[in-house]
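Visitor:
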Amino acid sequence: MGENLALNIERNGFPIAVYNRDPQKVDHLLAGRAKGLHFLPAHTPAELVQKLERPRKIVLLVKAGQPVDWTVEQLRPYLEPGDIIVDGGNSWYEDTERRQKDLNSSGIRFIGSGVSGGEEGALWGPSLMPGGDRAAYEEIRPIWEAIAAKVDDGPCVTFIGPGGSGHFVKMVHNGIEYGDMQLIAEAYDILRRSLGYSADRIAEVFASWNEGVLSSFLIEITAKIFRVKEPETGKPLVDLILDKAGQKGTGLWTSKVALDLGVPIPTIDAAIMARLLSGLKTQRLEAANTLAGPAGGLYQGDEKELVSAVHDALYAAKICSYTQGMALLRAASDTYQWDLRLGEIARIWKGGCIIRAQFLDGIRDAYSKRHDLPSLLLDSRFSSAMAESHVGLRKAVSVAISLGIPSLAFSSSLAYYDSYRSASLPQNLTQAQRDFFGAHTYERTDRPELGPVHTDWPSLLA
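Position one of the sequence shown corresponds to residue 5 (the numbering used here), numbered consecutively onward.
Right, here's the structure in full:
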């Protein structure tokens, strides 16, 4: 991604110096893809800094954590007050804030900028989420707006806010991405296991879905994936891939932060759990021959109705997933006083990034109409969409359960929706239990003026 982002910057008219801790990679770039372009090679941190005009603007694309600190320390002795470092990796937002404070003590300005779109996005236009020093951002703004993806209402970049907000927003973007990917995987699993659909048939289904409300980058590439054949065997390549999914940590961070801030994100949590369960391949193989479950087999009902239900399930669950992600952004904004503009964040996700989708126009409009909207589910557009699609979600989950097809994210999305729309939940019993064994108190519905009260439960049983 670093190499591609550098090529993007140069293509948009900005001369650039490049450095890698392996000098051969720099030489390879200058002799290959960057040959004849406005690139200046640097083989040491000192040489890189010397070749930049002040105030220097240095963009890092290195692995999160210690490698970022190591790289900053390599550069720091040669930098001067006013210089700018931009961390374009997936850094933990608290690390970003720590680095900002540390570097500011030396007059060096720091920006934590989420960069989404993978290698292709980095080259042709990513979605960019910069946060930190506002004045520093204004100095890199011409570059960031030039290299960002472009959509109908502007470049896919905006100043997110102070501190580590840029990296926080990128983290939540990735959490939503986890949810999207798991929901798509479960839709695929239901189609292949309940209807016996081949990869080619599933490709047709996803391609048709990409023409409507589900239109998105992930749905588009999913249709393409199912069409790819392994050259030697002619079999669908996807059928030959081991079913163990990896993760780099941003999804897990999203889940942890949501717990800290008290925001329920069960769809995203389920997506993370599904990846962890997929890693238990050896145990799953043994369990498949040991543990009881439904006999399985093909669905005996109307095929077209089930395909339609899975489509609606995917749409409904997607709404729930994005609702959870935006609620987490709202909570972080309130907690850290970032004043995040959720509609604008949805807008810059419309192009370049992995979760780019037609769907995001509705989210942007929802927050444009009501800046303080507490939940997307309370927006008329999305509440109407859920009224139409929740039935399909129920059917898809029901079929999956009856045939023993795991549907963690679908099921969690449905439970989230039903919990959120329930005026009464069974946590009255939970509070009674807590008060019984730990005197944790509870509040009464008939006498709210009493506030927290405690009951000596055993004495009432005498």
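Note that CB positions come from ideal geometry on N, CA and C, so glycine has one too.
1. Report buried or exposed for Asp376, applying the criterion of at least 16 other Cβ atoms within 10 angstroms of its Cβ.
2. Less than 8 Å between the beta carbons of Gly125 and Gly356, yes or no?
3. Using CA atoms only, rank isn't needed, just tell me which of Arg425, Asp422, Arg37 and Pro456 is closest to Arg438.
4. Relative to the C-alpha of Arg231, which candidate in Met5, Asn16 and Phe210 has its C-alpha closest?
5. Does the separation of the CB atoms of Asp316 and Gly366 fall below 8 Å?
6. Where Ala336 and Gly135 are concerned, what is the direct C-alpha to C-alpha distance, given to the nearest angstrom?
7. To the nearest angstrom, how far is the alpha carbon of Tyr446 from that of Leu429?
8. Is Thr271 near Asn178, with beta carbons less than 8 Å apart?
9. Thinking C-beta only, is Leu380 closer than 8 Å to Met330?
10. Under a three-way DSSP split, which group does Leu44 fall into?
11. Is the beta carbon of His171 closer than 8 Å to that of Gly118?
12. Measure the alpha-carbon distance for Leu195 versus Ile225 and round it to whole angstroms.
13. Tell me whether Ser411 sits in a helix, a strand or coil according to DSSP, three-state version.
14. Please state whether the Cβ-Cβ distance between Ser325 and Leu187 is less than 8 Å.
15. Given Gly122, which residues of its chain have a CB within under 6 Å of its CB, disregarding the five upstream and five downstream residues?
16. Give, in chain order, every unbroken run of the alpha helix (DSSP H) that is at least 4 residues long and sits entirely within the stretch 228-312.
17. Among Leu44, Glu143, Leu364 and Leu64, which has the Cα closest to the Cα of Asp480?
18. Please classify Glu7 as buried or exposed, where buried requires at least 16 other C-beta atoms within 10 Å of its C-beta.
19. On the CB-based measure, 16 or more other CB atoms within 10 Å of its CB, does Thr254 come out buried or exposed?
20. Assuming Gly122 is part of the alpha helix (DSSP H), what are its boundary residues?
21. How long is the line joining the alpha carbons of Ala436 and Thr459, rounded to whole angstroms?
22. Assuming the contact rule is C-beta atoms closer than 8 Å, Leu11 and Arg37 should be a hit. Round their C-beta distance to whole Å, please.
23. How is the alpha helix (DSSP H) around Ser372 delimited, first residue to last?
24. Against chain B, with Cβ distances strictly below 8 Å, would Lys248 count as a contact?
25. My parser needs the beta strand (DSSP E) runs of 3 or more residues fully inside the stretch 128-215; what are they?
26. Compute the Euclidean distance between the alpha carbons of Ser120 and Leu199, then round it to the nearest angstrom.
27. Got a sec, what are the start and stop residues for the beta strand (DSSP E) Lys61 sits in?
28. When you compare the stretch 273-290 with the stretch 409-417, are there three or more beta-carbon pairs, one atom per stretch, that lie closer than 8 Å?
29. Could you give the residue range of the beta strand (DSSP E) that holds Ile88?
30. Tell me where the alpha helix (DSSP H) around Ile352 begins and ends.
31. Measure how close the beta-carbons of Val403 and Leu310 come, nearest whole angstrom, since I'm counting them as under 8 Å.
32. Going by alpha carbons, who is nearest to Gln251 out of Gly40, Trp353 and Asn94?
33. Does the Cβ-Cβ distance between Leu265 and Thr339 come in under 8 Å?
34. Is the Cβ-Cβ distance between Pro59 and His42 less than 8 Å?
35. Specify, as a first and last residue, the run of the alpha helix (DSSP H) that Ile13 falls within.
36. Assuming contact is defined by CB atoms lying nearer than 8 Å, are Ile164 and Leu344 in contact in what I supplied?
Guide: In short, the structure shows the following:
1. As a working mapping, residue 376 is identified with position 372 in the sequence shown. Answer is exposed; the Cβ neighbour count stays below 16.
2. Position 121 of the sequence shown, counting from 1, holds the residue named residue 125. Position 352 of the sequence shown, counting from 1, holds the residue named residue 356. Yes. Within cutoff.
3. Indexing the sequence shown from 1 puts residue 438 at position 434. Nearest option by C-alpha distance: Pro456.
4. The sequence position of residue 231 within the sequence shown is 227, counting from 1. Minimum Cα distance to Arg231 is reached at Phe210.
5. The residue you call residue 316 lines up with position 312 of the sequence shown. The residue you call residue 366 lines up with position 362 of the sequence shown. Result no, Cβ atoms of Asp316 and Gly366 do not sit closer than 8 Å.
6. Here residue 336 refers to the residue found at position 332 when the sequence shown is read from its first residue. Here residue 135 refers to the residue found at position 131 when the sequence shown is read from its first residue. Distance between the alpha carbons of Ala336 and Gly135: 14 Å.
7. Numbered from its first residue, the sequence shown carries residue 446 at position 442. Numbered from its first residue, the sequence shown carries residue 429 at position 425. In this structure, the CA atom of Tyr446 is about 15 Å from the CA atom of Leu429.
8. Mapped onto the sequence shown, residue 271 falls at position 267. Mapped onto the sequence shown, residue 178 falls at position 174. No, the Cβ-Cβ distance between Thr271 and Asn178 is not below 8 Å.
9. Counted from its first residue, the sequence shown places residue 330 at position 326. Counted from its first residue, the sequence shown places residue 380 at position 376. For Met330 and Leu380, yes; Cβs fall inside 8 Å.
10. Numbered from its first residue, the sequence shown carries residue 44 at position 40. In this structure, Leu44 counts as strand in the three-state DSSP scheme.
11. If you number the sequence shown from 1, residue 118 lands on position 114. If you number the sequence shown from 1, residue 171 lands on position 167. Gly118 is a Cβ neighbour of His171, given a cutoff of 8 Å.
12. As a first step, residue 195 is located in the sequence shown; it is residue number 191 there, counting from the start. As a first step, residue 225 is located in the sequence shown; it is residue number 221 there, counting from the start. Cα-Cα distance, rounded: 17 Å.
13. The residue you call residue 411 lines up with position 407 of the sequence shown. DSSP places Ser411 in coil when its eight states are reduced to three.
14. Counting from one through the sequence shown, the residue named residue 325 turns up at place 321. Counting from one through the sequence shown, the residue named residue 187 turns up at place 183. Contact: yes.
15. For the purposes of this step, residue 122 is identified with residue 118 of the sequence shown, where counting begins at 1. Correct list: empty, nothing qualifies.
16. 254-265, 270-282 and 285-292
17. Residue coverage of the chain in this structure runs from 5 to 466, which leaves residue 480 outside it and unanswerable.
18. Taking the sequence shown and counting its residues from 1, one reaches residue 7 at position 3. Per the 10 Å Cβ criterion, buried.
19. Within the sequence shown, the letter at position 250 stands for residue 254. Buried: at least 16 other Cβ atoms inside 10 Å.
20. Here residue 122 is taken as the residue at index 118 of the sequence shown, counted from 1. Taken as a continuous stretch (DSSP letters only), the alpha helix (DSSP H) holding Gly122 covers Gly122 to Trp128.
21. Taking the sequence shown and counting its residues from 1, one reaches residue 436 at position 432. Taking the sequence shown and counting its residues from 1, one reaches residue 459 at position 455. Straight-line Cα distance between these residues: approximately 9 Å.
22. Position 7 of the sequence shown, counting from 1, holds the residue named residue 11. Position 33 of the sequence shown, counting from 1, holds the residue named residue 37. Going by Cβ atoms, the distance from Leu11 to Arg37 rounds to 6 Å, so yes, they are a contact pair.
23. The count along the sequence shown starts at 1 and reaches residue 372 at position 368. Counting along the chain, the unbroken alpha helix (DSSP H) around Ser372 starts and ends at Phe363 to Lys373.
24. No chain B is present in this structure, which holds just one protein chain.
25. 131-136
26. By one-based count along the sequence shown, residue 120 stands at place 116. By one-based count along the sequence shown, residue 199 stands at place 195. Between Ser120 and Leu199, the C-alpha separation is close to 35 Å.
27. The count along the sequence shown starts at 1 and reaches residue 61 at position 57. Residues Lys61 to Leu64.
28. yes
29. Along the sequence shown, read from residue 1 onward, the residue named residue 88 stands at position 84. Ile88 -> beta strand (DSSP E) spans Ile88 to Asp91.
30. Start at 1 with the first residue of the sequence shown, and residue 352 comes out as number 348. Leu346 to Ile352 is the extent of the alpha helix (DSSP H) around Ile352.
31. Reading the sequence shown from its first residue, position 399 is the one you call residue 403. Reading the sequence shown from its first residue, position 306 is the one you call residue 310. About 6 Å; that satisfies the 8 Å criterion.
32. Within the sequence shown, the letter at position 247 stands for residue 251. Considering only alpha carbons, the answer is Asn94.
33. On the sequence shown, position 261 is the one that residue 265 refers to. On the sequence shown, position 335 is the one that residue 339 refers to. Against a cut-off of 8 Å, the Cβ pair of Thr339 and Leu265 comes out as a contact.
34. Your numbering for residue 59 matches position 55 in the sequence shown. Your numbering for residue 42 matches position 38 in the sequence shown. No. Outside cutoff.
35. In the sequence shown, residue 13 corresponds to position 9, counting from 1. Ile13 -> alpha helix (DSSP H) spans Gly6 to Arg15.
36. As a first step, residue 164 is located in the sequence shown; it is residue number 160 there, counting from the start. As a first step, residue 344 is located in the sequence shown; it is residue number 340 there, counting from the start. Against a cut-off of 8 Å, the Cβ pair of Leu344 and Ile164 comes out as a contact.
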